[in-house]
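For what it's worth, this note's numbering labels the leading residue of the sequence shown as 192, then goes sequentially.
Each residue gets a CB set at the ideal place from its N, CA and C atoms; glycine is no exception.
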Amino acid sequence: MKRAAASMIFGFWICFGLACAPAEKPEKTASEASTAADSAASMSAQDKALWTKAKGLFAPLPERIPAPAGLTDSPEKVALGKQLFHDPRLSKSGAISCNSCHNLASAGVDNRSVSLGHGFKTGSRNSPTVLNAGFHTAQFWDLRAKDLTEQAKGPVLNPVEMAMPNEADVVTRLASIEGYQVHFKKAFPEGEKPVTYQNMAEAIAAFERTLVTPSRFDDFLKGKAEALTPEEKQGLEIFINKGCTACHSGVAVGGGMAQKFGIIKPYANRKDGGKYDLTKKAEDKFVFKVPSLRNITRTYPYFHDGAVWELKEAVKIMGETQLGLSMDPSEIESIVVFLSALTGELPSEAKILPELPPSSAKTSKPSV
192 MKRAAASMIF GFWICFGLAC APAEKPEKTA SEASTAADSA ASMSAQDKAL WTKAKGLFAP
252 LPERIPAPAG LTDSPEKVAL GKQLFHDPRL SKSGAISCNS CHNLASAGVD NRSVSLGHGF
312 KTGSRNSPTV LNAGFHTAQF WDLRAKDLTE QAKGPVLNPV EMAMPNEADV VTRLASIEGY
372 QVHFKKAFPE GEKPVTYQNM AEAIAAFERT LVTPSRFDDF LKGKAEALTP EEKQGLEIFI
432 NKGCTACHSG VAVGGGMAQK FGIIKPYANR KDGGKYDLTK KAEDKFVFKV PSLRNITRTY
492 PYFHDGAVWE LKEAVKIMGE TQLGLSMDPS EIESIVVFLS ALTGELPSEA KILPELPPSS
552 AKTSKPSV
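Here's what the structure looks like:
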């Protein structure tokens, strides 16, 4: 299919089962808008044209992902969530934590095709990064969780992942740890029994909403033309012109919609039906959440099956399967150079491991 036809397909923002609009852009403050305008005034005509295109498609990351309506991410709730995220006692064996598969030391992933779970079991899908995940329209590759709180409930009870038998056993184990009784009460002071499965998930989600990783690309979007090298700007231009932004746009450069993997050409691995495996609707076959491209140079291997280890190969496959394009190696290289500018910095607080409350003699013991 010719480039024009492929671009036209994406111009209609085809998607399945979800609204296709990009994630809502954070509103700029008056000072931010003024700073961007001042910076833009000093840009070259070429840089200003690219910046104008880019700011119409993307948005800079805010300092933190806002909590959903009706919730407050208090410091106490975030601190509790950080402990729970790193605590292997949320697993049946006492050996697997959220951080095991979403390692904050390696861009929120474990860099495995599929993660190792309870009893060395493995699933069939790659563990996506937790960084910036709160900007996504939904969670998991098949979008089965509407938000971070719902997502946090799943792996703890999944028999292939953390394998806890039920919510009650999780609550019993947490409530038997005196330190957690104190921390839950501080984080959820309004409840008579603050140690609940819902509160556990809400606390983890509150912590995950702090995992925002601004990069040099955000500086460029704010009007700092020199934040990107000439080679990165060239890659951004190609990325936009090829039609990649039809799916990979918004504040997370992706994550804002669902899309069929294999619109023009089928993806090689046809075993996973994506959203179809949940809904059994024909229109959902091979539909997956579009991943964010932030930190993409560090979140290998790629795609829902973790089958592709080289970013250049992933870009090549996306061009063929989604756009019907056979891109020149130099164009692929240029896009990859641009994608490196999306590698951001983890908040300093997230780099520090939390001290976990000690177990007591009556704490329910892990089992294998």
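Minimum C-alpha distance to Met-518 - residue among Gly-434, Asn-357, Thr-534, Gly-535: Within the sequence shown, residue 518 is the residue found at index 327, counting from 1. Ranking Gly-434, Asn-357, Thr-534, Gly-535 by Cα distance to Met-518 puts Gly-434 first.
According to the neighbour-count rule (16 or more other Cβ atoms, all chains shown, within 10 Å of its Cβ), is Val-373 buried or exposed? Translated into the one-based positions of the sequence shown, residue 373 becomes position 182. By the neighbour-count rule (16 or more Cβ atoms within 10 Å), Val-373 is not buried but exposed.
At the level of alpha carbons, what is the spacing between Lys-415 and Pro-405? Here residue 415 is taken as the residue at index 224 of the sequence shown, counted from 1. Here residue 405 is taken as the residue at index 214 of the sequence shown, counted from 1. Distance between the alpha carbons of Lys-415 and Pro-405: 14 Å.
If you draw a straight line from the alpha carbon of Val-403 to that of Leu-484, how long is it in whole angstroms? The residue given as residue 403 occupies position 212 in the sequence shown. The residue given as residue 484 occupies position 293 in the sequence shown. Near 13 Å, if we compare the C-alpha coordinates of Leu-484 and Val-403.
Starting from the C-beta of Gly-445, find all residues in its chain whose C-beta is less than 7 Å away, skip the five residues before and the five after it, and write them out in chain order. Translated into the one-based positions of the sequence shown, residue 445 becomes position 254. So the list reads Cys-438, His-439, Val-481, Pro-482, Ser-483, Leu-484, once near-sequence residues are dropped.
How should Ala-286 be labelled, buried or exposed, when 16 other C-beta atoms within 10 angstroms of its C-beta is the threshold for buried? Against the sequence shown, residue 286 aligns to sequence position 95. So Ala-286 ends up on the exposed side.
Compare the beta carbon distance of Lys-273 and Pro-549 with 8 Å and say whether it is the shorter of the two. Along the sequence shown, one-based indexing puts residue 273 at 82. Along the sequence shown, one-based indexing puts residue 549 at 358. Not closer than 8 Å, so no.
Best match in Ser-539, Val-527, Ala-498, Thr-401 for proximity to Lys-268 [C-alpha to C-alpha]: Looking up residue 268 in the sequence shown gives position 77. Among Ser-539, Val-527, Ala-498, Thr-401, the Cα nearest to that of Lys-268 is on Thr-401.
Which two residues bound the contiguous beta strand (DSSP E) that contains Gln-450? On the sequence shown, position 259 is the one that residue 450 refers to. Where Gln-450 is concerned, the enclosing beta strand (DSSP E) stretches over 449 to 451.
Rounded C-beta distance between Ala-397 and Asp-264? I'm assuming under 8 Å. For the purposes of this step, residue 397 is taken as residue 206 along the sequence shown, with counting starting at 1. For the purposes of this step, residue 264 is taken as residue 73 along the sequence shown, with counting starting at 1. With a Cβ gap of about 4 Å, Ala-397 and Asp-264 count as contacting.
Evaluate Asp-468 with the Cβ neighbour count: other Cβ atoms within 10 Å of its Cβ, from every protein chain shown; 16 or more gives buried, anything less gives exposed. The residue labelled residue 468 in the question sits at position 277 within the sequence shown. Asp-468 is exposed by the Cβ-count criterion.
Inspect the CB distances between the region 418 to 432 and the region 523 to 543 and report whether three or more fall short of 8 Å. yes
For my contact list, Ala-392 and Lys-344 are in at a C-beta cut-off of 8 Å; report their separation, rounded to the angstrom. Numbered from 1 along the sequence shown, position 201 holds the residue referred to as residue 392. Numbered from 1 along the sequence shown, position 153 holds the residue referred to as residue 344. About 5 Å separates the two Cβ atoms, so the contact holds.
Quick check on the burial criterion: 16 or more other C-beta atoms within 10 angstroms. Buried or exposed for Ser-304? Position 113 of the sequence shown, counted from the start, is the residue given in the question as residue 304. When all chains shown are included, Ser-304 counts as buried.
I'd like to check one pair, Pro-457 with Asn-317: are the Cβ atoms closer than 8 Å? Here residue 317 refers to the residue found at position 126 of the sequence shown. Here residue 457 refers to the residue found at position 266 of the sequence shown. No. Outside cutoff.
Which residue spans inside the region 286 to 327 form an unbroken beta strand (DSSP E) run of at least 3? none
Run of the alpha helix (DSSP H) containing Phe-269, from where it starts to where it stops: In the sequence shown, the residue the question calls residue 269 occupies position 78. Note on identity: in this sequence residue 269 is Val, with Phe being the wrong assignment. From DSSP, the alpha helix (DSSP H) with Val-269 extends over 266 to 277.
From the DSSP output, in three-state form, read off Phe-569 for me. A question about residue 569 goes unanswered here, because the residues of the chain that appear run from 192 up to 559.
Using DSSP bridges, identify the partner residues of Tyr-493. Against the sequence shown, residue 493 aligns to sequence position 302. Per DSSP, Val-499.
Quick one: using the 10 Å Cβ neighbour count with 16 as the cut-off for buried, is Gly-261 buried or exposed? By 1-based counting over the sequence shown, the position of residue 261 is 70. Exposed, because fewer than 16 other Cβ atoms sit within 10 Å of the Cβ of Gly-261.
Would you grab the beta carbon distance between Leu-348 and Ala-324 for me? Rounded to a whole angstrom, and I think it's under 8 Å. Counting from one through the sequence shown, the residue named residue 348 turns up at place 157. Counting from one through the sequence shown, the residue named residue 324 turns up at place 133. Leu-348 to Ala-324, Cβ: 19 Å. No contact.
Beta carbon of Asn-290 nearer than 8 Å to that of Phe-276: Position 99 of the sequence shown holds residue 290. Position 85 of the sequence shown holds residue 276. Cβ atoms of Asn-290 and Phe-276: closer than 8 Å.
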